[in-house]
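I have placed the structure first, in the form of structure tokens, so that the comments after it can refer back to it.
Numbering (the numbering used here), first residue to last: 29 to 293.
Here is the structure:
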């Protein structure tokens, strides 16, 4: 029997080194992980977790991903945010939390991890709904983002609504469909907004049964037509969760894409 790819969501991992708050709500926090060794300061890596924006899923399921990125030699912050199903989650709190966290975390992490964090914009690594939030943040707050690695991102909210991904997840996030709240889709949907101006790599497994790879294909093609510095990496033997698992066959491609975003730093 082949391993369950979802095992990464609950795999035990080392505890984070410390937690910092970027707001007053208990979920406006981030877990920090030091990079090993005594190398010069490096850009902060901010991991934005997925889970279709729902409160049932939190930053814990990206522990293995965060540990893997830290072992590459980078300080890492696992960003938490208010999610649908809890007060303040959904529109607009989920989106504004992530933007606020990304803006505040480099300074907070530099103070909490002396000598670890370089004074440059962070690299965002977002998975699934977290990929959507990372791309949204890079578009709305480009000055706060040094690059984006989007792993199986939800890049077309209108299409995700039509496909009813995760049984109404987009409607829960935005409060309805494109015909109900078109102004919200104009702000939140990556397909309805300009692509990020920062370097972006999208990775998507062709076996993904949670977020269709066709979404990423269409999104990247449209972004490239507008001149965006964006690249798509398709993994033919990968499903949804292998992208966040350092023990999966996909990990070398994920780390290669990540290094391409930080090679100038």
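Glycine residues also receive a C-beta, built at the ideal position from the N, C-alpha and C atoms.
Through-space distance from residue j to residue i, alpha-carbon basis
{"i": "residue 273", "j": "residue 42", "result": "15 Å"}
{"i": "residue 115", "j": "residue 287", "result": "37 Å"}
{"i": "residue 65", "j": "residue 88", "result": "24 Å"}
{"i": "residue 267", "j": "residue 236", "result": "4 Å"}
{"i": "residue 232", "j": "residue 201", "result": "23 Å"}
{"i": "residue 81", "j": "residue 264", "result": "26 Å"}
{"i": "residue 205", "j": "residue 78", "result": "20 Å"}
{"i": "residue 29", "j": "residue 278", "result": "Residue placement at residue 29 cannot be trusted, given a pLDDT of 38 that sits under 50; what the coordinates show is reported in the next sentence. Each residue's alpha carbon lies about 19 Å from the other."}
{"i": "residue 217", "j": "residue 141", "result": "34 Å"}
{"i": "residue 104", "j": "residue 61", "result": "5 Å"}
{"i": "residue 260", "j": "residue 49", "result": "34 Å"}
{"i": "residue 173", "j": "residue 241", "result": "25 Å"}
{"i": "residue 253", "j": "residue 195", "result": "32 Å"}
{"i": "residue 281", "j": "residue 139", "result": "32 Å"}
{"i": "residue 101", "j": "residue 191", "result": "39 Å"}
{"i": "residue 251", "j": "residue 117", "result": "29 Å"}
Residue i versus the options, residue with shortest Cα-Cα distance
{"i": "residue 228", "options": "89, 166, 246", "result": "166"}
{"i": "residue 283", "options": "95, 186, 132, 48", "result": "95"}
{"i": "residue 182", "options": "243, 220, 262, 71", "result": "243"}
{"i": "residue 40", "options": "49, 149, 93", "result": "93"}
{"i": "residue 132", "options": "79, 143, 148", "result": "148"}
{"i": "residue 223", "options": "256, 194, 198", "result": "256"}
{"i": "residue 112", "options": "271, 125, 209, 280", "result": "125"}
{"i": "residue 150", "options": "121, 135, 210", "result": "135"}
{"i": "residue 83", "options": "108, 247, 190, 193", "result": "108"}
{"i": "residue 248", "options": "193, 52, 219", "result": "219"}
Where the beta strand (DSSP E) through residue i begins and ends
{"i": "residue 144", "result": "Run containing residue 144: none; DSSP gives neither H nor E here."}
{"i": "residue 262", "result": "258-263"}
{"i": "residue 95", "result": "Looking at the DSSP string, residue 95 is not in any beta strand (DSSP E); the run it does join, the alpha helix (DSSP H), is 91-99."}
{"i": "residue 61", "result": "57-61"}
{"i": "residue 105", "result": "104-107"}
{"i": "residue 49", "result": "46-49"}
{"i": "residue 198", "result": "First-last for residue 198: 197-202, but that is the alpha helix (DSSP H), not the beta strand (DSSP E)."}
Endpoints, the alpha helix (DSSP H) within which residue i is located
{"i": "residue 232", "result": "Where residue 232 is concerned, there is no enclosing alpha helix (DSSP H), although the beta strand (DSSP E) it sits in stretches over 228-233."}
{"i": "residue 160", "result": "157-168"}
{"i": "residue 140", "result": "121-140"}
{"i": "residue 242", "result": "241-253"}
{"i": "residue 281", "result": "279-290"}
{"i": "residue 215", "result": "210-216"}
{"i": "residue 185", "result": "185-191"}
According to DSSP, residues forming a beta bridge with residue i
{"i": "residue 175", "result": "151"}
{"i": "residue 74", "result": "105, 152"}
Anticipated Cβ contact below 8 Å, residue i with residue j, distance rounded
{"i": "residue 75", "j": "residue 56", "result": "Their Cβ separation, rounded to whole angstroms, is 16 Å, which puts residue 75 and residue 56 out of contact at 8 Å."}
{"i": "residue 146", "j": "residue 44", "result": "Contact doesn't hold; Cβ gap of about 20 Å is too wide."}
{"i": "residue 178", "j": "residue 163", "result": "6 Å"}
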